[in-house]
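full-length UniProt numbering applies: residue 1 is where the sequence shown begins, and numbers increase by one. Where is the CB? At the ideal position from N, CA and C, for every residue including glycine. Just so we're clear, the structure is a prediction, and the values are computed from it rather than from any experiment. Let me begin by presenting the structure, written as structure tokens, before commenting on it.
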Amino acid sequence: MKGLYCQAGVTDAKPKFVIQETSVPEVLDSHQVRIQVKACGLSPLDFELLSDVGIQRDLIPVGREVAGVILQVGDKVSFFQPDDEVVGILPLDFPFSGLCDVIDIDEQYLVQKPEKLSWVCVAGALRDGVRAYTALHTHARMAAGNTILVFDGASVCKTAISLLQHGAKVLTTSLSAQNHTFLEQLRPSVGMQQKFDSGSSDLLSVVLEETGGLGVDVIVDSGDEVRLQEEESEETKLLPHKHDVISVLGVGGHWVTSHKDLQLDPPDSRLLFLRSASVSFLNHEVWTASAAQQGRYLHILKDIMEKMSAGVLRPQPEEPVPLYEATVAMEAVQSHQKAKAVVQL
């Protein structure tokens, strides 16, 4: 049985992805299930995060969003039976690649996959769905009537646009013509009122005009659309500055950011204080890194599956790649040439 692993680069060397032979243990643990993997989503590896949580290996397993069929269950498994179709995200310290034909995993990381959804669809959409759900519900506590600004909405919330269905007014930016077209298709159903280029320097005036000068209730970014310093590179100098982003927050507003190195200057903190607003850091990996809120995490996964099954959640379809192209696909994902890849086994 083969799986995809990463040989972490030394110093500035690029990581190398390799196919390695592996095998599952002969004996299944009491709370584990054995899954035949049907599809696996590939997302970039965060080596800094892995180091921060103490995961240091010569070979790092690649591919954590999996969908498959249960072959066998442990004697204390209570939620699943053989032949059940399941989907889940492997924990950060999982020892095997999600691209293995068969993996053993604790039942607490899995939920039922609706029959009408394809393997590729759920494996490709699950991670983005968890990110958006965490940002909008867990952090921002989005409610009906809120006005929400989503930076690069086609990628940040492409699998969770339905989470904005509660009567929210949506403002979003687009980075490309393809994303612009995708957002236009969603406009009637998600209450989207305005789109503008992410490089727009008039963020403050556009947003305040759309909100009658009140500002937005929620801002969500993916970590690449906000300028953190006064002087940046040619690629980022037209992006809105962090102070401009805070300036468009309304009273009691929330900025949910993926900028892990964000630092607030005293004027920024003062502005947040005056508006009783807040900044939250989005790290969706916390769900599988800690079992403190396991029940809440499973509820999120189930809700995402239900919304996808009902057709309310409409992710952009991913073109599956065969297993023999997994190494090339992962290299493209890691270098950000592709946002996502799904391997069909």
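Is residue i helix, strand or coil by DSSP?
i: Cys-100; result: coil
i: His-241; result: strand
i: Thr-22; result: coil
i: residue 422; result: A query on residue 422 cannot be resolved here, the shown segment of the chain reaching from 1 to 345 and no further.
i: His-254; result: strand
i: Pro-61; result: strand
i: Asp-106; result: strand
i: Ala-168; result: coil
i: Asp-52; result: helix
i: Glu-210; result: helix
i: Phe-94; result: coil
i: Leu-42; result: strand
i: Val-77; result: coil
i: residue 346; result: Lying outside 1 to 345, the shown extent of the chain, residue 346 is not represented and no answer is given.
i: Val-190; result: Any reading at Val-190 is ruled out, since the residue's pLDDT is 46, under 50, leaving its predicted position unreliable.
i: Val-122; result: helix
i: Asp-221; result: coil
i: residue 373; result: Because the chain here runs from 1 to 345, residue 373 falls outside it and cannot be looked at.
Tell me which same chain residues have a C-beta within less than 6 Å of the C-beta of residue i, skipping the five on either side of it?
i: Gly-88; result: Tyr-109, Leu-110
i: Gln-294; result: Gln-108
i: Leu-271; result: Ile-246
i: Gly-311; result: none
i: Thr-159; result: Caution applies to Thr-159, whose pLDDT of 48 falls short of 50 and renders its modelled position unreliable; the model cannot decide the point.
i: Cys-121; result: none
i: Tyr-297; result: Trp-287
i: Leu-264; result: none
Just the Cα atoms here: how many angstroms apart are residue i and residue j?
i: Trp-255; j: Val-220; result: 6 Å
i: Gln-58; j: Leu-28; result: Sequence inspection shows Asp at residue 58; the Gln mentioned does not correspond to that position. The straight-line gap from Cα to Cα measures roughly 26 Å.
i: Ala-326; j: Ser-280; result: 34 Å
i: residue 347; j: Pro-114; result: Missing from the structure shown is residue 347; the chain here goes from 1 to 345 and no further.
i: Ser-30; j: Ile-60; result: 26 Å
i: Gly-223; j: Ala-277; result: 19 Å
i: Tyr-133; j: Val-245; result: 21 Å
i: Glu-331; j: Leu-214; result: 44 Å
i: His-299; j: Pro-240; result: 35 Å
i: Leu-4; j: Thr-257; result: 31 Å
i: Phe-96; j: Gly-68; result: 15 Å
i: Val-343; j: Gln-112; result: 20 Å
i: Lys-76; j: Asp-104; result: 14 Å
i: Ser-51; j: Leu-208; result: 41 Å
i: His-336; j: Gly-63; result: 16 Å
i: Leu-99; j: Glu-26; result: 19 Å
i: His-243; j: Glu-319; result: 39 Å
i: Gln-334; j: Leu-313; result: 26 Å
i: Gly-212; j: His-259; result: 28 Å
i: residue 424; j: Val-53; result: Given that the chain is displayed from residue 1 to residue 345, the structure contains no residue 424 and the question cannot be resolved.
i: Glu-85; j: Phe-273; result: 48 Å
i: Ala-39; j: Arg-131; result: 20 Å
i: Gly-74; j: Ile-304; result: 26 Å
i: Pro-266; j: Ala-123; result: 43 Å
i: Ala-329; j: Lys-338; result: 8 Å
i: Glu-306; j: Thr-173; result: 28 Å
i: Asp-83; j: Leu-301; result: 20 Å
i: Leu-345; j: Gln-20; result: 16 Å
i: Val-251; j: Trp-119; result: 43 Å
Ordered along the chain, which non-local residues of its own chain (more than five positions away) have a Cβ less than 8 Å from that of residue i?
i: Pro-102; result: In the sequence as presented, Pro is not what sits at residue 102; that position holds Val. So the list reads Met-1, Val-24, Arg-34, Ile-35, Gln-36, Val-37, Leu-71, once near-sequence residues are dropped.
i: Ile-55; result: Leu-92, Asp-93
i: Thr-22; result: Met-1, Lys-2, Gly-3, Phe-96, Ser-97, Cys-100
i: Ala-289; result: Val-53, Pro-91, Leu-92
If you compare alpha carbons, which of the options is closest to residue i?
i: Val-18; options: Ala-339, Tyr-324, Ser-335, Tyr-297; result: Tyr-324
i: Phe-80; options: Asn-146, Asp-106, Gln-334; result: Asp-106
i: Ser-78; options: Gln-32, Val-53, Gly-54; result: Gln-32
i: Lys-340; options: Ala-125, Glu-306, Leu-203, Asp-84; result: Ala-125
i: Thr-138; options: Val-328, Val-286, Gln-344, Ser-335; result: Val-286
i: Val-216; options: Lys-260, Thr-22, Ala-168; result: Ala-168
i: Gly-253; options: Lys-260, Arg-275, Leu-264; result: Arg-275
i: Leu-49; options: Val-120, Arg-296, Asn-283; result: Asn-283
i: Ser-269; options: Lys-302, Leu-249, Thr-288; result: Leu-249
i: Gly-145; options: Leu-45, Asp-303, Val-218; result: Val-218
Spatial neighbours of residue i within its chain, please: C-beta separation below 7 Å, excluding the five flanking residues on both sides.
i: Leu-117; result: Met-308, Ser-309
i: Arg-127; result: Gly-41, Ser-43, Glu-65, Ile-89
i: Phe-47; result: Ala-8
i: Ala-291; result: none
i: Ala-140; result: Val-218, His-254, Val-256
i: Leu-204; result: Asp-244, Ser-247, Val-248
- Kindly provide the ranges of any alpha helix (DSSP H) runs that are 4 or more residues long and lie completely inside the segment 292 to 338, ordered along the chain. 294 to 309, 326 to 334
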